[in-house]
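Visitor: Numbering-wise (our numbering), the first sequence opens with residue 38 and increments by one.
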Amino acid sequence: MKSRYKSYKTVEDLPKLAGETVTLRGWVYKKTGKGKLQFIQLRYGTGIAQCVVFKNNVTEEAFAKAKALTQESSLTVTGKVVASGKAPGGYEIDAAGLEIIHISQDYPISAKEHGDSFLIEHRHLWLRSARQHAIMRVRAVIIKAIRDFFDASGFKLMDSPILTPNACEGTSTLFETKYFDLGKAYLSQSGQLYAEASAMALGKVYTFGPVFRAERSKTRKHLTEFWMVEPEMAFFDLDDDMDLAEDLVEYIVECALRSCQKEFAVLQRDISALERIKRPFYRISYSEAVEWLQKNKVPIIRKIDGRDVESPFPWGEDFGTVQEEALMEQFDKPCIIHRYPAAVKAFYMKRDPADDKLSLAMDMLGPEKAGEIIGGSQREDDYDTMLERIKEDKLDEADFKWFLDLRKYGSVPHSGFGLGVERVVKWITGAKHIRETIPMPRMIHRIIP
RNA sequence: UCCUGAGUAGCUCAGCUGGUUAGAGCAUCUGACUGUUAAUCAGAGGGUCCGCGGUUCAAGUCCGUGCUCAGGAGCCA
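1. Can you tell me where the beta strand (DSSP E) with residue 95 in it begins and where it stops?
2. Taking the alpha-carbon positions, what's the residue 391 to residue 411 distance?
3. Here's the rule: buried if 16 or more other CB atoms are within 10 angstroms of the residue's CB, otherwise exposed. What is residue 185?
4. Only counting the same chain, and skipping five residues up and downstream in sequence, which positions put a Cβ closer than 6 Å to that of residue 23?
5. Report buried or exposed for residue 128, applying the criterion of at least 16 other Cβ atoms within 10 angstroms of its Cβ.
6. To the nearest angstrom, how far is it from the Cα of residue 160 to the Cα of residue 476?
7. Figure out for me which residue from 138, 177, 422 and 79 has the closest Cα to the Cα of residue 47.
8. So the candidates are 196, 237, 212 and 405; which of them puts its Cα closest to the Cα of residue 571?
9. What do you reckon, are the CB atoms on residue 248 and residue 195 nearer than 7 Å?
10. Using the C-alpha atoms, what's the distance from residue 399 back to residue 229?
11. Would you decide whether residue 107 is buried or exposed? Buried here means 16 or more other CB atoms lie within 10 Å of its CB.
12. Tell me which same chain residues have a C-beta within less than 7 Å of the C-beta of residue 355, skipping the five on either side of it?
13. Measure the Cβ-Cβ separation of residue 135 and residue 102 and say whether it is below 7 Å.
14. Starting from residue 455, follow its DSSP beta bridges and name the residues at the other end.
15. If you draw a straight line from the alpha carbon of residue 352 to that of residue 374, how long is it in whole angstroms?
16. Opposite residue 426 in the DSSP bridges: which residues?
17. What did DSSP end up calling residue 385 once you bin it into helix, strand or coil?
18. Taking the beta carbon of residue 278 as the centre, do at least 16 other beta carbons fall within 10 Å, making it buried, or is it exposed?
19. Tell me whether residue 439 sits in a helix, a strand or coil according to DSSP, three-state version.
20. Please confirm whether residue 118 and residue 49 have their CB atoms less than 7 Å apart.
21. State the DSSP-derived secondary structure class of residue 468, mapped to helix, strand or coil.
22. Could you check what DSSP says for residue 375 in three-state terms: helix, strand or coil?
23. With H, G and I counted as helix, E and B as strand and the rest as coil, what does DSSP make of residue 184?
24. When you compare the region 412-430 with the region 442-460, are there three or more beta-carbon pairs, one atom per stretch, that lie closer than 8 Å?
25. Which value, in whole angstroms, describes the spacing of the CA atoms of residue 345 and residue 339?
26. Just curious, the beta strand (DSSP E) that residue 120 is in, first and last residue?
27. Answer with buried or exposed for residue 72, where buried requires no fewer than 16 other C-beta atoms within 10 angstroms of its C-beta.
28. Give a yes or no on whether the C-beta atoms belonging to residue 466 and residue 304 are separated by under 7 Å.
29. Go ahead and pull the three-state DSSP assignment for residue 328.
30. Could you check whether residue 133 and residue 115 sit closer than 7 Å to each other, using their CB atoms as the reference points?
31. With C-beta atoms as the reference, is residue 189 less than 7 Å away from residue 120?
32. I'd like the list of long-range same chain contacts for residue 69, defined as Cβ closer than 6 Å, with 5 residues on each side in sequence excluded.
33. Hey, would you say residue 494 sits closer than 7 Å to residue 268, going by beta carbons?
34. Measure the C-alpha to C-alpha separation of residue 147 and residue 171 and round it to an integer number of angstroms.
35. Could you check the C-alpha separation between residue 123 and residue 311 for me, to the nearest Å?
36. What distance in whole Å lies between the Cβ atoms of residue 109 and residue 154, which are believed to be in contact at a cut-off of 8 Å?
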């Protein structure tokens with residue numbers, strides 16, 4: 038693309054420019070000095086180039102400027118590109134001239150270690166560090182892979198509203214806001230119900246946007262605001278739904294492996310664990326999973342009178358972190374668990390025709406303690422049954438009239454799922470905490486920056 | 001919301017059964033150095049020991065309380 042805007046040579050261009058004189062712009066990532074020699078690691082975008090300023094090669098003024106530079110000061114530097122085995126990246130700039138744009142004072146993030154709390158308070162600056170760069174680049178690749186996957190498979194992007202009149206699933210706590218004279222509105226926790234309407238209009242659709250959960254969660258895998266992609270497909274049954282989920286995840290990992298080798302090196306990510314992520318993944322039913330838990334003596338722990346009481350895992354309970362992690366320890370690839378008890382799943386999921394106690398629901402759990410990365414189901418498509426479920430869950434019928442219309446006018450079997458982008462980024466990058474996987478995380482005690 | 005832990009220099013932390021002027025490394029500033037990449041060496045500055053109240057001759061240390069943060073549970077993607 039030919040740009041009408043200013044275009045500068047950047048660090049990435051250096052290998053092509055050996056022997057030439059270039060002017061680079063950027064920030065000081067690190068600086069070390071040794072008398073008449075100053076070494077500046079110049080940061081621009083995602084690359085770092087070493088610039089060497091030798092006193093005898095530049096004016097006294099330029100050398101004084103080089104000495105005055107501090108971490109994260111901005112500058113332009115002009116010099117010859119030379120190959121050097123000692124320079125990170127293999128090339129360095131032998132500086133001939135140097136101009137300071139701005140001197141940074143007391144930059145708070147040093148090369149030394151910092152605590153979690155300190156770093157997240159300085160998220161706006163933390164993003165400048167190499168590790169965070171790498172995670173953000175992988176995130177961008179993952180998001181592009183998701184869009185490419187759907188766009189190339191006949192899906193249409195259909196955005197869902199963020200302001201909604203009610204809870205989609207009736208369970209999670211919602212963020213509340215005023216909506217003119219119509220009373221309260223809530224920030225969406227899922228675009229799914231709207232995606233169903235879109236799927237009836239366009240066949241195969243996906244929504245991709247931020248969703249909000251006002252749960253008072255305090256864990257390394259929860260955010261109050263996160264990005265979710267939700268495909269919804271007319272005429273798909275649960276098996277189609279699970280196949281699609283596998284195809285998507287396999288494709289995401291494949292793209293990341295193809296485009297993010299440098300990033301994985303920075304992150305010291307074990308690539309071999311990702312190279313194993315090939316279809317078919319594992320697939321077991323909820324009932325099979327419960328049997329496994331019972332056979333392997335993985336208990337359920339309940340609080341009774343403030344004390345932890347262990348008992349064998351009973352059929353009918355939802356899995357907690359303990360059960361999920363125990364199950365996943367046997368797998369080196371994602372595993373889909375399907376056909377959960379209807380009682381622990383959402384009202385809009387279709388019951389299993391073979392067993393009314395079961396929902397045609399599925400969750401995909403990732404390996405390496407990634408946890409739940411996908412949740413989905415075949416949807417209830419019968420008008421009367423859906424109406425009954427809405428009443429059972431004590432939801433306001435008036436809010437769901439339009440949703441019931443989808444079952445009234447040419448209802449068809451359909452399915453979909455939601456994939457949590459940050460959960461996937463966390464798994465693929467090996468980030469310790471989900472707060473590192475989004476530029477500006479929103480968490481229960483954190484809204485700045 | 002519940003359980004557990006933490007709060008001492010800009011950052012990361014040490015500081016014993018209460019005791020005299022509260023320490024280290026890094027960062028910052030000054031000086032030396034032509035190959036650094038966590039540079040090295042010499043020197044300097046830097047503290048409301050989270051707030052409030054209490055016990056005591058004496059509190060960073062003990063007690064009470066409040067605030068802030070972290071990890072986990074539940075909920076979920």
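Glycine is no exception: its CB is placed at the ideal position from the N, C-alpha and C atoms.
Guide: Straight from the coordinates:
1. In the first sequence, counting from the first residue as 1, residue 95 sits at position 58. Counting along the chain, residue 95 falls outside any beta strand (DSSP E), and DSSP gives it neither H nor E.
2. As a position in the first sequence, residue 391 is number 354, starting the count at 1. As a position in the first sequence, residue 411 is number 374, starting the count at 1. If I take the Cα positions, the gap works out to 24 Å.
3. Indexing the first sequence from 1 puts residue 185 at position 148. Counting Cβ neighbours within 10 Å, residue 185 comes out exposed, since fewer than 16 surround it.
4. Nothing about residue 23 can be read from this structure; the chain reaches only from 38 to 486.
5. Along the first sequence, one-based indexing puts residue 128 at 91. The residue is buried, with at least 16 neighbouring Cβ atoms inside 10 Å.
6. The residue labelled residue 160 in the question sits at position 123 within the first sequence. The residue labelled residue 476 in the question sits at position 439 within the first sequence. Between residue 160 and residue 476, the C-alpha separation is close to 8 Å.
7. Stepping through the first sequence from its first residue, residue 47 is reached at position 10. Residue 47 has its Cα closest to that of 79, out of 138, 177, 422 and 79.
8. Here the chain comprises residues numbered 38 to 486, so residue 571 is not present and cannot be evaluated.
9. Residue mapping note: residue 248 aligns to position 211 of the first sequence, counting from 1. Residue mapping note: residue 195 aligns to position 158 of the first sequence, counting from 1. Not a contact, by the Cβ cut-off of 7 Å.
10. Stepping through the first sequence from its first residue, residue 229 is reached at position 192. Stepping through the first sequence from its first residue, residue 399 is reached at position 362. For residue 229 and residue 399, the distance between alpha carbons rounds to 15 Å.
11. Taking the first sequence and counting its residues from 1, the one referred to as residue 107 is at position 70. The residue is exposed, with fewer than 16 neighbouring Cβ atoms inside 10 Å.
12. Within the first sequence, numbered from 1, the residue matching residue 355 stands at position 318. Counting only Cβ-Cβ distances below 7 Å, and skipping sequence neighbours, we find 381.
13. Walking along the first sequence from the start, residue 135 turns up at place 98. Walking along the first sequence from the start, residue 102 turns up at place 65. Cβ distance < 7 Å, so residue 135 and residue 102 count as in contact.
14. Translated into the one-based positions of the first sequence, residue 455 becomes position 418. For residue 455, which the question treats as bridged, DSSP gives the partners 412.
15. The residue given as residue 352 occupies position 315 in the first sequence. The residue given as residue 374 occupies position 337 in the first sequence. Cα to Cα, the separation comes out at about 14 Å.
16. In the first sequence, the residue the question calls residue 426 occupies position 389. Beta-bridge pairing links residue 426 to no other residue.
17. Reading the first sequence from its first residue, position 348 is the one you call residue 385. Here residue 385 sits in coil by DSSP.
18. Within the first sequence, the letter at position 241 stands for residue 278. When all chains shown are included, residue 278 counts as buried.
19. Position 402 of the first sequence, counted from the first residue, corresponds to residue 439. Residue 439 falls in the helix class under three-state DSSP.
20. Within the first sequence, residue 118 is the residue found at index 81, counting from 1. Within the first sequence, residue 49 is the residue found at index 12, counting from 1. No, the pair does not count as a contact, with Cβ atoms beyond the cut-off.
21. The sequence position of residue 468 within the first sequence is 431, counting from 1. The answer is coil: DSSP assigns residue 468 none of H, G, I, E or B.
22. Residue numbering aside, residue 375 sits at position 338 when the first sequence is read from its first letter. If DSSP states are grouped into helix, strand and coil, residue 375 belongs with the strands.
23. For the purposes of this step, residue 184 is taken as residue 147 along the first sequence, with counting starting at 1. Note: residue 184 maps to helix in three-state DSSP.
24. Contact holds: three or more Cβ-Cβ distances are below 8 Å.
25. Taking the first residue of the first sequence as position 1, residue 345 is located at position 308. Taking the first residue of the first sequence as position 1, residue 339 is located at position 302. If you take the alpha carbons of residue 345 and residue 339, they lie about 6 Å apart.
26. By one-based count along the first sequence, residue 120 stands at place 83. Its beta strand (DSSP E) spans residues 111-120.
27. Position 35 of the first sequence, counted from the first residue, corresponds to residue 72. With fewer than 16 other Cβ atoms within 10 Å, it is exposed.
28. Translated into positions along the first sequence, residue 466 becomes position 429. Translated into positions along the first sequence, residue 304 becomes position 267. The answer is yes: Cβ separation under 7 Å.
29. One-based indexing of the first sequence puts residue 328 at position 291. In this structure, DSSP gives residue 328 a helical state, which the three-state scheme calls helix.
30. Within the first sequence, numbered from 1, the residue matching residue 115 stands at position 78. Within the first sequence, numbered from 1, the residue matching residue 133 stands at position 96. Yes, the Cβ-Cβ distance between residue 115 and residue 133 is below 7 Å.
31. Here residue 189 refers to the residue found at position 152 of the first sequence. Here residue 120 refers to the residue found at position 83 of the first sequence. No. Outside cutoff.
32. Your numbering for residue 69 matches position 32 in the first sequence. 76.
33. Past the boundaries of the shown model lies residue 494; the chain is included only from 38 to 486, so the question cannot be answered.
34. Counting from one through the first sequence, the residue named residue 147 turns up at place 110. Counting from one through the first sequence, the residue named residue 171 turns up at place 134. The alpha-carbon atoms of residue 147 and residue 171 are separated by roughly 18 Å.
35. Taking the first residue of the first sequence as 1, we reach residue 123 at position 86. Taking the first residue of the first sequence as 1, we reach residue 311 at position 274. Cα to Cα, residue 123 sits roughly 32 Å from residue 311.
36. Indexing the first sequence from 1 puts residue 154 at position 117. Indexing the first sequence from 1 puts residue 109 at position 72. Between the beta-carbon of residue 154 and that of residue 109 there is about 21 Å, and that puts the pair past the 8 Å contact cut.
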